[in-house]
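> I am attaching a structure below and will ask some questions about it afterwards.
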Amino acid sequence: NKLAKKLGFALPPKTLLIFGVSFLLIWGNPSRAYAMHIMEGFLPLGWSVFWAIVTLPFIIMGLLSIGKTVKSHPETKMLLGLAGAFSFVLSALKIPSVTGSSSHPTGVGLGAVLFGPTAMSVLGCIVLIFQAILLAHGGLSTLGANTFSMAVVGPFVAYGVYKICQKPGAPFGLGVFLAAALGNLLTYVTTSLQLALAFPAEVGGFMASFVKFMGVFAVTQIPLAISEGLLTVVIFNLLVAYSKPELQALSLISSQNISSKGVKI
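Its first residue numbered 1, the sequence shown is counted upward by one per residue in UniProt numbering.
Rendered as structure tokens:
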């Protein structure tokens, strides 16, 4: 708390309430977890340490980014809490797959568009910590690996796609949709890569293992990514309707890219 206040991004009570309600919505209906996050103790120690070290610089940059944003635009703290809560709720949902595993949305695209990829890395890491402790999704030993896939690669892909789509004439909503959908897909690609590196197949090595892990999630993930993209556009339209000053403060919307009815794909 003291560190957060010094950095300038201590969350107000209303923002904490958003997180709290989100936790209760998920925690109020407990079930055994089979989510995409790599489970506690599944990765060899060396790989767990490696991914934690790789992820750490992004968390540090994210803390600085959040501190700078809330100092410049303190009115955006509620949006920051919303982005974290949105990711928590979506990534806590599990969708069974015919392959016997399950998939879930990530919710990182919205936060990446609103605050940038490094800020979403911090929010995603916080989400993963709470899910590991409260819901047994993922784990603390695999926190670095899960953070890298969902909260580093996902947001950076989402933000990059969003920026590429910001060209004259391109529908603003299309950028939001593709950011959320592709951020979701690349999270799963990264998780498959992490598992393949840690557990190469006896026959075919890394590539065979990578294809196998990708196949586990592929059946459900493409329609799930499309659904997440559409939902993110809906949420963004609600923000345009009810939080327009905050979005304008973040230089996200203008009269040129937003109509009176919101964004369109």
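Idealized CB from N, CA, C, for every residue including glycine. These figures come from a predicted structure and were not determined experimentally.
From Val233 to Ala145, what does the alpha carbon distance come to, in whole angstroms?
Locating residue 233 in the sequence shown gives position 233, where the first residue counts as 1. Locating residue 145 in the sequence shown gives position 145, where the first residue counts as 1. Spanning the two alpha carbons is a distance of roughly 28 angstroms.
> What residue range does the alpha helix (DSSP H) around Leu79 cover?
Within the sequence shown, the letter at position 79 stands for residue 79. From DSSP, the alpha helix (DSSP H) with Leu79 extends over 77-92.
> For Pro44, count neighbouring C-beta atoms within 10 Å of its own C-beta (all shown protein chains included) and say buried if the count is 16 or more, exposed if not.
Looking up residue 44 in the sequence shown gives position 44. With fewer than 16 other Cβ atoms within 10 Å, it is exposed.
> Let me confirm a value: Tyr162 is counted as buried when at least 16 other C-beta atoms fall within 10 Å, else exposed. Which label applies?
As a first step, residue 162 is located in the sequence shown; it is residue number 162 there, counting from the start. Per the 10 Å Cβ criterion, buried.
> Compare the Cα-Cα distances from Val113 to each of Tyr159, Val122, Ser87, Ala85 and report the closest residue.
The residue labelled residue 113 in the question sits at position 113 within the sequence shown. Answer by Cα proximity: Tyr159.
> Are three or more beta carbon pairs between the segment 138-155 and the segment 63-75 nearer than 8 angstroms?
no
> On the three-state DSSP scale, how would you describe Ser103?
In the sequence shown, the residue the question calls residue 103 occupies position 103. Three-state result, Ser103: strand.
> Just the Cα atoms here: how many angstroms apart are Ser110 and Gly154?
Counting from one through the sequence shown, the residue named residue 110 turns up at place 110. Counting from one through the sequence shown, the residue named residue 154 turns up at place 154. At residue 110 the sequence reads Leu, which differs from the Ser that was named. Looking at the two C-alpha atoms, the distance is approximately 11 angstroms.
> Would you identify the three-state DSSP class for Ala170, choosing helix, strand or coil?
The sequence position of residue 170 within the sequence shown is 170, counting from 1. Three-state result, Ala170: coil.
> Ala201 by DSSP, collapsed to three states: which one?
In the sequence shown, counting from the first residue as 1, residue 201 sits at position 201. The answer is strand: DSSP assigns Ala201 an E or B state.
> Starting from the C-beta of Ala132, find all residues in its chain whose C-beta is less than 6 angstroms away, skip the five residues before and the five after it, and write them out in chain order.
On the sequence shown, position 132 is the one that residue 132 refers to. So the qualifying residues of the chain are Gly138, Gly139, Leu140.
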